[in-house]
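>
Residue numbers (my numbering): 68 to 435.
This is the structure we're talking about:
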(Lines of atoms letter the chains of each structure in order from A; the text may use other names.)
(Lines give C-alpha, C1' and ligand atoms only; values in the text may rest on other atoms or scores of the structure.)
Protein backbone atom coordinates (compact mmCIF):
# COMPACT_ATOMS: atom_id res chain seq x y z
CA UNK A 68 0.00 0.00 0.00
CA UNK A 69 1.31 3.44 -0.94
CA UNK A 70 0.06 6.63 0.65
CA UNK A 71 -0.70 10.06 -0.78
CA UNK A 72 -1.53 13.44 0.68
CA UNK A 73 -5.00 14.91 0.16
CA UNK A 74 -6.92 17.92 1.45
CA UNK A 75 -10.18 16.60 2.88
CA UNK A 76 -13.24 18.35 4.26
CA UNK A 77 -14.62 16.51 7.27
CA UNK A 78 -17.44 18.90 8.18
CA UNK A 79 -19.26 21.89 6.70
CA UNK A 80 -17.88 25.16 8.03
CA UNK A 81 -14.59 23.62 9.14
CA UNK A 82 -11.20 23.95 7.42
CA UNK A 83 -9.89 21.12 5.29
CA UNK A 84 -7.24 18.89 6.83
CA UNK A 85 -4.22 17.46 5.03
CA UNK A 86 -4.51 13.71 5.45
CA UNK A 87 -2.44 10.75 4.36
CA UNK A 88 -4.67 8.20 2.67
CA UNK A 89 -4.19 5.19 0.43
CA UNK A 90 -3.35 5.97 -3.18
CA UNK A 91 -6.18 4.61 -5.32
CA UNK A 92 -5.70 2.02 -8.03
CA UNK A 93 -7.45 2.51 -11.38
CA UNK A 94 -10.23 0.16 -12.37
CA UNK A 95 -9.95 -1.47 -15.86
CA UNK A 96 -11.36 1.55 -17.77
CA UNK A 97 -9.86 4.19 -15.45
CA UNK A 98 -6.53 5.98 -15.28
CA UNK A 99 -4.50 7.19 -12.32
CA UNK A 100 -3.36 10.82 -12.70
CA UNK A 101 -0.59 12.52 -10.75
CA UNK A 102 -2.09 15.98 -10.21
CA UNK A 103 0.23 18.84 -11.17
CA UNK A 104 -2.22 21.74 -10.79
CA UNK A 105 -5.87 22.17 -9.89
CA UNK A 106 -7.89 25.31 -10.41
CA UNK A 107 -9.77 26.73 -7.44
CA UNK A 108 -13.43 27.59 -7.97
CA UNK A 109 -13.81 31.29 -7.06
CA UNK A 110 -16.84 30.57 -4.86
CA UNK A 111 -15.39 27.47 -3.19
CA UNK A 112 -15.61 29.06 0.26
CA UNK A 113 -19.35 29.51 -0.25
CA UNK A 114 -19.72 25.92 -1.41
CA UNK A 115 -18.10 24.36 1.62
CA UNK A 116 -19.79 26.73 4.07
CA UNK A 117 -23.25 27.40 2.65
CA UNK A 118 -24.09 24.90 -0.08
CA UNK A 119 -26.35 22.54 1.91
CA UNK A 120 -28.44 25.55 2.98
CA UNK A 121 -28.53 27.28 -0.39
CA UNK A 122 -29.09 24.21 -2.60
CA UNK A 123 -30.08 21.22 -0.46
CA UNK A 124 -31.24 19.27 -3.53
CA UNK A 125 -27.73 19.33 -5.01
CA UNK A 126 -25.57 16.97 -2.94
CA UNK A 127 -21.92 17.23 -2.05
CA UNK A 128 -19.79 14.12 -1.65
CA UNK A 129 -19.94 12.26 1.65
CA UNK A 130 -17.43 13.45 4.20
CA UNK A 131 -14.51 13.31 4.42
CA UNK A 132 -14.59 14.69 0.87
CA UNK A 133 -11.80 15.61 -1.54
CA UNK A 134 -12.69 18.69 -3.57
CA UNK A 135 -10.87 20.12 -6.58
CA UNK A 136 -12.83 20.69 -9.78
CA UNK A 137 -10.21 21.43 -12.46
CA UNK A 138 -7.23 19.08 -12.23
CA UNK A 139 -4.46 18.66 -14.76
CA UNK A 140 -1.47 16.39 -14.56
CA UNK A 141 0.38 13.37 -15.88
CA UNK A 142 -1.04 9.88 -16.32
CA UNK A 143 0.72 7.64 -13.80
CA UNK A 144 -0.96 4.33 -14.59
CA UNK A 145 -3.79 2.97 -16.72
CA UNK A 146 -6.35 0.23 -16.23
CA UNK A 147 -6.18 -3.03 -18.17
CA UNK A 148 -8.95 -1.97 -20.60
CA UNK A 149 -7.50 1.47 -21.45
CA UNK A 150 -6.28 1.43 -25.05
CA UNK A 151 -5.40 4.95 -26.20
CA UNK A 152 -4.03 6.73 -23.13
CA UNK A 153 -0.63 5.75 -21.77
CA UNK A 154 1.52 6.62 -18.73
CA UNK A 155 3.31 9.94 -19.21
CA UNK A 156 0.49 11.60 -21.15
CA UNK A 157 -0.26 15.19 -20.14
CA UNK A 158 -3.99 15.56 -19.50
CA UNK A 159 -6.79 17.69 -18.13
CA UNK A 160 -9.38 15.66 -16.24
CA UNK A 161 -12.91 16.86 -16.99
CA UNK A 162 -14.97 16.37 -13.83
CA UNK A 163 -18.19 15.62 -15.72
CA UNK A 164 -19.39 12.20 -14.59
CA UNK A 165 -22.52 10.31 -15.62
CA UNK A 166 -23.75 6.73 -15.50
CA UNK A 167 -22.66 6.02 -19.08
CA UNK A 168 -25.50 3.60 -19.73
CA UNK A 169 -28.80 5.54 -19.85
CA UNK A 170 -30.47 6.75 -23.04
CA UNK A 171 -28.91 10.22 -22.71
CA UNK A 172 -25.40 8.86 -22.12
CA UNK A 173 -25.65 6.41 -25.01
CA UNK A 174 -26.63 9.37 -27.18
CA UNK A 175 -23.56 11.34 -26.03
CA UNK A 176 -25.61 13.77 -23.92
CA UNK A 177 -23.86 13.02 -20.63
CA UNK A 178 -24.97 16.24 -18.94
CA UNK A 179 -28.59 15.10 -19.41
CA UNK A 180 -27.99 12.00 -17.28
CA UNK A 181 -29.95 11.77 -14.01
CA UNK A 182 -26.62 10.96 -12.29
CA UNK A 183 -24.81 13.99 -13.73
CA UNK A 184 -22.14 15.08 -11.25
CA UNK A 185 -19.15 17.42 -11.24
CA UNK A 186 -16.45 15.40 -9.57
CA UNK A 187 -14.63 17.29 -6.82
CA UNK A 188 -17.46 19.82 -6.56
CA UNK A 189 -21.20 19.01 -6.38
CA UNK A 190 -23.95 17.14 -8.19
CA UNK A 191 -26.90 18.81 -9.86
CA UNK A 192 -28.93 15.64 -9.28
CA UNK A 193 -30.17 13.94 -6.12
CA UNK A 194 -28.83 10.64 -7.45
CA UNK A 195 -25.32 12.03 -7.82
CA UNK A 196 -24.04 10.41 -4.63
CA UNK A 197 -23.69 7.16 -6.57
CA UNK A 198 -21.13 8.86 -8.80
CA UNK A 199 -19.28 10.36 -5.82
CA UNK A 200 -19.02 6.84 -4.39
CA UNK A 201 -17.40 5.61 -7.60
CA UNK A 202 -15.08 8.62 -8.02
CA UNK A 203 -14.37 10.14 -4.60
CA UNK A 204 -11.08 11.81 -5.58
CA UNK A 205 -10.95 15.47 -6.59
CA UNK A 206 -7.92 17.52 -7.63
CA UNK A 207 -6.85 18.63 -4.14
CA UNK A 208 -4.78 15.46 -3.80
CA UNK A 209 -1.52 14.12 -5.15
CA UNK A 210 -3.29 11.45 -7.20
CA UNK A 211 -6.78 10.81 -8.50
CA UNK A 212 -8.58 8.22 -10.59
CA UNK A 213 -10.75 9.14 -13.55
CA UNK A 214 -12.57 7.39 -16.39
CA UNK A 215 -10.62 7.34 -19.63
CA UNK A 216 -13.40 9.17 -21.48
CA UNK A 217 -12.95 12.23 -19.24
CA UNK A 218 -9.42 13.02 -20.44
CA UNK A 219 -8.45 15.99 -22.59
CA UNK A 220 -4.94 15.51 -23.97
CA UNK A 221 -2.81 18.63 -23.64
CA UNK A 222 -0.46 20.11 -26.24
CA UNK A 223 3.07 21.02 -25.18
CA UNK A 224 2.35 24.77 -25.37
CA UNK A 225 -0.44 24.54 -22.77
CA UNK A 226 0.83 24.60 -19.19
CA UNK A 227 -0.74 22.68 -16.33
CA UNK A 228 -1.57 26.01 -14.71
CA UNK A 229 -3.45 27.19 -17.79
CA UNK A 230 -5.20 23.82 -18.02
CA UNK A 231 -6.46 24.40 -14.48
CA UNK A 232 -8.82 27.04 -15.93
CA UNK A 233 -10.29 24.78 -18.62
CA UNK A 234 -13.48 24.18 -16.66
CA UNK A 235 -14.52 27.82 -16.95
CA UNK A 236 -13.16 28.25 -20.45
CA UNK A 237 -14.99 25.11 -21.50
CA UNK A 238 -18.24 26.22 -19.88
CA UNK A 239 -18.06 29.46 -21.88
CA UNK A 240 -17.19 27.55 -25.05
CA UNK A 241 -20.11 25.16 -24.66
CA UNK A 242 -22.46 28.12 -24.29
CA UNK A 243 -21.04 29.87 -27.35
CA UNK A 244 -21.52 26.73 -29.41
CA UNK A 245 -25.17 26.63 -28.32
CA UNK A 246 -25.48 30.31 -29.22
CA UNK A 247 -24.10 29.77 -32.75
CA UNK A 248 -21.34 32.31 -32.12
CA UNK A 249 -19.14 32.81 -35.14
CA UNK A 250 -17.98 35.16 -37.90
CA UNK A 251 -20.34 38.07 -38.50
CA UNK A 252 -22.24 37.71 -35.23
CA UNK A 253 -22.59 40.18 -32.36
CA UNK A 254 -22.54 38.92 -28.78
CA UNK A 255 -23.55 40.54 -25.49
CA UNK A 256 -21.79 39.13 -22.43
CA UNK A 257 -23.50 40.02 -19.16
CA UNK A 258 -20.75 39.91 -16.53
CA UNK A 259 -17.85 40.24 -18.95
CA UNK A 260 -15.21 40.95 -16.27
CA UNK A 261 -15.68 37.69 -14.33
CA UNK A 262 -14.08 34.29 -14.74
CA UNK A 263 -16.66 33.11 -17.27
CA UNK A 264 -16.98 36.52 -18.92
CA UNK A 265 -13.31 37.02 -19.77
CA UNK A 266 -13.10 33.44 -21.03
CA UNK A 267 -16.14 34.00 -23.24
CA UNK A 268 -14.55 37.19 -24.59
CA UNK A 269 -11.32 35.44 -25.56
CA UNK A 270 -13.27 32.63 -27.19
CA UNK A 271 -15.49 35.05 -29.11
CA UNK A 272 -12.37 36.62 -30.58
CA UNK A 273 -10.99 33.19 -31.50
CA UNK A 274 -14.30 32.16 -33.10
CA UNK A 275 -14.47 35.27 -35.25
CA UNK A 276 -17.35 37.09 -33.53
CA UNK A 277 -17.43 40.55 -35.10
CA UNK A 278 -18.48 42.64 -32.09
CA UNK A 279 -18.48 41.86 -28.39
CA UNK A 280 -20.59 43.95 -26.04
CA UNK A 281 -19.98 43.48 -22.34
CA UNK A 282 -21.36 44.69 -19.01
CA UNK A 283 -19.82 44.80 -15.55
CA UNK A 284 -19.54 46.82 -12.36
CA UNK A 285 -15.78 47.29 -11.98
CA UNK A 286 -14.74 50.08 -14.31
CA UNK A 287 -11.03 49.21 -14.08
CA UNK A 288 -11.69 45.61 -15.11
CA UNK A 289 -14.00 46.78 -17.88
CA UNK A 290 -11.16 48.85 -19.31
CA UNK A 291 -8.84 45.82 -19.10
CA UNK A 292 -11.30 43.70 -21.05
CA UNK A 293 -11.79 46.35 -23.74
CA UNK A 294 -8.02 46.66 -24.10
CA UNK A 295 -7.86 43.03 -25.26
CA UNK A 296 -9.32 44.10 -28.64
CA UNK A 297 -10.41 47.77 -28.54
CA UNK A 298 -11.75 47.74 -32.10
CA UNK A 299 -14.10 44.79 -31.45
CA UNK A 300 -15.11 45.16 -27.79
CA UNK A 301 -17.49 47.72 -26.26
CA UNK A 302 -18.18 47.81 -22.51
CA UNK A 303 -20.82 49.31 -20.25
CA UNK A 304 -20.66 49.97 -16.52
CA UNK A 305 -23.88 48.61 -15.04
CA UNK A 306 -26.14 51.28 -13.62
CA UNK A 307 -25.29 53.86 -16.25
CA UNK A 308 -28.23 52.89 -18.46
CA UNK A 309 -30.25 49.88 -19.53
CA UNK A 310 -27.90 47.23 -20.90
CA UNK A 311 -30.58 45.95 -23.25
CA UNK A 312 -31.28 49.40 -24.68
CA UNK A 313 -27.52 50.01 -24.94
CA UNK A 314 -27.03 46.84 -26.98
CA UNK A 315 -29.93 47.72 -29.28
CA UNK A 316 -28.56 51.23 -29.78
CA UNK A 317 -25.10 49.95 -30.73
CA UNK A 318 -26.57 47.58 -33.30
CA UNK A 319 -28.88 49.98 -35.08
CA UNK A 320 -31.92 48.71 -33.24
CA UNK A 321 -31.38 45.07 -34.22
CA UNK A 322 -29.85 43.74 -31.01
CA UNK A 323 -27.13 41.17 -30.39
CA UNK A 324 -27.30 37.76 -32.05
CA UNK A 325 -26.80 36.14 -28.66
CA UNK A 326 -26.54 36.98 -24.98
CA UNK A 327 -24.30 35.06 -22.58
CA UNK A 328 -25.44 35.51 -18.98
CA UNK A 329 -22.27 34.96 -16.93
CA UNK A 330 -23.50 36.47 -13.67
CA UNK A 331 -22.83 34.57 -10.46
CA UNK A 332 -25.29 32.45 -8.49
CA UNK A 333 -26.09 35.25 -6.05
CA UNK A 334 -26.36 38.05 -8.64
CA UNK A 335 -29.43 40.25 -9.00
CA UNK A 336 -31.59 38.65 -11.67
CA UNK A 337 -32.89 42.06 -12.79
CA UNK A 338 -29.56 42.50 -14.55
CA UNK A 339 -30.11 39.33 -16.54
CA UNK A 340 -33.66 40.35 -17.47
CA UNK A 341 -32.38 43.70 -18.73
CA UNK A 342 -29.63 42.14 -20.85
CA UNK A 343 -32.10 39.67 -22.40
CA UNK A 344 -33.87 42.64 -23.96
CA UNK A 345 -30.70 43.36 -25.89
CA UNK A 346 -31.05 40.26 -28.08
CA UNK A 347 -32.42 40.46 -31.62
CA UNK A 348 -35.48 38.67 -32.96
CA UNK A 349 -34.72 34.98 -33.21
CA UNK A 350 -31.65 35.36 -31.02
CA UNK A 351 -30.46 33.16 -28.17
CA UNK A 352 -29.92 33.84 -24.47
CA UNK A 353 -27.63 31.28 -22.78
CA UNK A 354 -27.26 31.25 -19.00
CA UNK A 355 -24.03 29.82 -17.59
CA UNK A 356 -23.58 31.87 -14.42
CA UNK A 357 -26.49 30.32 -12.54
CA UNK A 358 -28.45 33.39 -11.48
CA UNK A 359 -30.38 32.05 -8.50
CA UNK A 360 -34.05 32.40 -7.77
CA UNK A 361 -37.11 32.71 -9.97
CA UNK A 362 -36.47 34.94 -12.99
CA UNK A 363 -39.74 36.49 -14.24
CA UNK A 364 -39.74 36.10 -18.02
CA UNK A 365 -42.31 37.75 -20.28
CA UNK A 366 -43.40 34.66 -22.19
CA UNK A 367 -45.42 36.73 -24.67
CA UNK A 368 -42.27 38.67 -25.57
CA UNK A 369 -40.28 35.43 -25.78
CA UNK A 370 -42.86 33.98 -28.17
CA UNK A 371 -43.34 37.08 -30.29
CA UNK A 372 -39.60 37.65 -30.68
CA UNK A 373 -38.89 33.91 -31.10
CA UNK A 374 -36.05 34.18 -28.60
CA UNK A 375 -34.55 31.01 -27.17
CA UNK A 376 -33.65 30.92 -23.46
CA UNK A 377 -31.12 28.15 -22.79
CA UNK A 378 -29.48 26.82 -19.66
CA UNK A 379 -25.99 25.45 -20.28
CA UNK A 380 -23.96 23.52 -17.72
CA UNK A 381 -20.35 22.49 -18.44
CA UNK A 382 -19.13 21.12 -21.78
CA UNK A 383 -18.22 17.84 -23.46
CA UNK A 384 -14.81 16.24 -23.41
CA UNK A 385 -14.74 16.62 -27.20
CA UNK A 386 -15.30 20.37 -26.80
CA UNK A 387 -12.47 20.46 -24.28
CA UNK A 388 -10.21 18.87 -26.86
CA UNK A 389 -11.31 21.46 -29.42
CA UNK A 390 -10.31 24.24 -27.03
CA UNK A 391 -6.80 22.88 -26.43
CA UNK A 392 -6.42 22.32 -30.18
CA UNK A 393 -7.12 26.05 -30.63
CA UNK A 394 -4.38 26.76 -28.09
CA UNK A 395 -2.02 24.40 -29.94
CA UNK A 396 -2.50 26.32 -33.20
CA UNK A 397 -2.32 29.75 -31.59
CA UNK A 398 -5.97 30.56 -32.36
CA UNK A 399 -6.76 30.90 -28.66
CA UNK A 400 -4.34 32.85 -26.46
CA UNK A 401 -4.42 32.09 -22.73
CA UNK A 402 -1.51 34.33 -21.78
CA UNK A 403 -4.00 36.70 -20.11
CA UNK A 404 -4.21 34.38 -17.09
CA UNK A 405 -2.36 35.59 -14.00
CA UNK A 406 -1.49 32.48 -12.01
CA UNK A 407 -1.51 32.56 -8.22
CA UNK A 408 -0.33 29.21 -6.89
CA UNK A 409 -0.71 27.65 -3.46
CA UNK A 410 0.71 24.45 -2.05
CA UNK A 411 -1.62 21.75 -0.77
CA UNK A 412 -0.78 22.84 2.79
CA UNK A 413 -2.06 26.34 1.95
CA UNK A 414 -5.42 25.17 0.57
CA UNK A 415 -7.53 26.76 3.33
CA UNK A 416 -5.79 30.12 3.00
CA UNK A 417 -6.20 29.93 -0.77
CA UNK A 418 -9.93 29.26 -0.59
CA UNK A 419 -10.63 31.93 2.01
CA UNK A 420 -8.52 34.58 0.28
CA UNK A 421 -10.20 34.67 -3.12
CA UNK A 422 -12.21 37.82 -2.50
CA UNK A 423 -9.36 40.08 -3.60
CA UNK A 424 -9.22 39.03 -7.25
CA UNK A 425 -8.53 40.69 -10.56
CA UNK A 426 -11.77 39.38 -11.99
CA UNK A 427 -11.47 36.81 -14.72
CA UNK A 428 -7.78 37.55 -15.22
CA UNK A 429 -6.78 35.87 -11.95
CA UNK A 430 -6.20 32.12 -11.96
CA UNK A 431 -5.94 30.59 -8.49
CA UNK A 432 -4.47 27.11 -8.26
CA UNK A 433 -3.47 24.43 -5.80
CA UNK A 434 -0.22 22.63 -6.66
CA UNK A 435 -0.36 19.28 -4.78
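The beta-carbon is built from N, C-alpha and C at its ideal position, and this holds for glycine as well.
Would residue 135 and residue 208 qualify as a contact pair, given that the criterion is a beta-carbon distance under 8 Å?
The residue given as residue 135 occupies position 68 in the chain shown. The residue given as residue 208 occupies position 141 in the chain shown. Taking 8 Å as the Cβ cut-off, residue 135 and residue 208 qualify as a contacting pair.
> Hey, which unbroken runs of the alpha helix (DSSP H) at 4 residues or more fall wholly within the stretch 137-191?
170-173
> I think residue 282 touches residue 305, with their Cβ atoms under 8 Å apart; what is that distance to the nearest whole Å?
As a position in the chain shown, residue 282 is number 215, starting the count at 1. As a position in the chain shown, residue 305 is number 238, starting the count at 1. Correct: roughly 5 Å between the Cβ atoms.
> When you compare the CB positions of residue 98 and residue 188, do they come within less than 8 Å of one another, or not?
Taking the first residue of the chain shown as 1, we reach residue 98 at position 31. Taking the first residue of the chain shown as 1, we reach residue 188 at position 121. Not closer than 8 Å, so no.
> Considering residue 71, what are the terminal residues of the beta strand (DSSP E) in which it resides?
Residue mapping note: residue 71 aligns to position 4 of the chain shown, counting from 1. That run of the beta strand (DSSP E) goes 70-75.
> On the three-pair Cβ rule with 8 Å, is the stretch 217-225 touching the stretch 145-164?
Judged by pairs of C-beta atoms under 8 Å, the stretch 217-225 touches the stretch 145-164, as three or more such pairs exist.
> Got a sec? Which residues, its chain only, sit under 7 Å from residue 95 by beta carbon, not counting five neighbours each side?
Translated into positions along the chain shown, residue 95 becomes position 28. Only 146, 147 and 148 meet the Cβ criterion.
> Please report the distance separating the alpha-carbon of residue 435 from that of residue 268.
Walking along the chain shown from the start, residue 435 turns up at place 368. Walking along the chain shown from the start, residue 268 turns up at place 201. Those two C-alpha atoms are separated by around 30 Å.
> Output the boundary residues of the beta strand (DSSP E) element that contains residue 220.
By one-based count along the chain shown, residue 220 stands at place 153. Here the beta strand (DSSP E) through residue 220 covers 218-220.
> How many whole angstroms separate the CB atoms of residue 49 and residue 407, which I take to be in contact at a CB cut-off of 8 Å?
What the structure shows of the chain is the stretch from 68 to 435, and residue 49 is not part of that stretch, so it cannot be assessed.
> So, are the CB atoms of residue 260 and residue 397 less than 8 Å apart?
The residue you call residue 260 lines up with position 193 of the chain shown. The residue you call residue 397 lines up with position 330 of the chain shown. For residue 260 and residue 397, no; Cβs fall outside 8 Å.
> Apart from the five residues just before and just after residue 10, which ones in its own chain have a Cβ nearer than 6 Å to its Cβ?
With the chain covering only 68 through 435, there is no way to say anything about residue 10.
> Apart from the five residues just before and just after residue 293, which ones in its own chain have a Cβ nearer than 6 Å to its Cβ?
Your numbering for residue 293 matches position 226 in the chain shown. So the list reads 300 and 302, once near-sequence residues are dropped.
> Please name the residue, chosen from 100, 105, 166 and 383, that lies closest to residue 141 on a Cα-to-Cα basis.
The sequence position of residue 141 within the chain shown is 74, counting from 1. Nearest of 100, 105, 166 and 383 to residue 141, Cα basis: 100.
> Can you tell me where the beta strand (DSSP E) with residue 401 in it begins and where it stops?
Counting from one through the chain shown, the residue named residue 401 turns up at place 334. Residue 401 -> no beta strand (DSSP E), and no H or E assigned at all.
> Need the endpoints of the beta strand (DSSP E) that residue 304 sits in, please.
Start at 1 with the first residue of the chain shown, and residue 304 comes out as number 237. It spans 300-304 - the beta strand (DSSP E) in which residue 304 sits, taken as one unbroken run.
> If you run the structure through DSSP and keep just helix, strand and coil, what is residue 426?
The residue labelled residue 426 in the question sits at position 359 within the chain shown. Note: residue 426 maps to helix in three-state DSSP.
> Going by alpha carbons, who is nearest to residue 391 out of 286, 186, 191 and 225?
Translated into positions along the chain shown, residue 391 becomes position 324. That would be 225, whose Cα lies nearest to the Cα of residue 391.
> Quick check on the DSSP output: the alpha helix (DSSP H) that includes residue 385 runs from which residue to which?
Along the chain shown, one-based indexing puts residue 385 at 318. Taken as a continuous stretch (DSSP letters only), the alpha helix (DSSP H) holding residue 385 covers 384-396.
> So does the stretch 250-258 actually touch the stretch 271-279, counting three or more Cβ pairs closer than 8 Å?
yes
> Quick check on the DSSP output: what are the complete beta strand (DSSP E) runs of length 3 or more inside the stretch 189-248, in order along the chain?
210-214 and 218-220
> Helix or strand or just coil, what does DSSP make of residue 335?
Within the chain shown, numbered from 1, the residue matching residue 335 stands at position 268. Here residue 335 sits in coil by DSSP.
> Grab the span of the beta strand (DSSP E) containing residue 419 for me, first residue to last.
As a first step, residue 419 is located in the chain shown; it is residue number 352 there, counting from the start. Looking at the DSSP string, residue 419 is not in any beta strand (DSSP E); the run it does join, the alpha helix (DSSP H), is 414-419.
> Around the Cβ of residue 84, are there at least 16 other Cβ atoms within 10 angstroms (buried) or fewer (exposed)?
As a position in the chain shown, residue 84 is number 17, starting the count at 1. Residue 84 comes out exposed.
> Could you have a look at residue 361 and say whether DSSP puts it in helix, strand or coil?
In the chain shown, the residue the question calls residue 361 occupies position 294. Residue 361 falls in the coil class under three-state DSSP.
> At the level of alpha carbons, what is the spacing between residue 354 and residue 69?
Walking along the chain shown from the start, residue 354 turns up at place 287. Walking along the chain shown from the start, residue 69 turns up at place 2. Going by the C-alpha atoms only, they are around 44 Å apart.
> With C-beta atoms as the reference, is residue 177 less than 8 Å away from residue 190?
Taking the first residue of the chain shown as position 1, residue 177 is located at position 110. Taking the first residue of the chain shown as position 1, residue 190 is located at position 123. In this structure, residue 190 does not lie closer than 8 Å to residue 177 by Cβ.
> Can you tell which of 334, 383 and 385 has the C-alpha that lies nearest to the C-alpha of residue 360?
Here residue 360 is taken as the residue at index 293 of the chain shown, counted from 1. The shortest C-alpha separation from residue 360 is found at 334.
> Curious, which full-length beta strand (DSSP E) runs of at least 3 residues does the stretch 258-314 contain?
The stretch 258-314 is shown to contain whole beta strand (DSSP E) runs of 3 or more residues at 278-283 and 300-304, in chain order.
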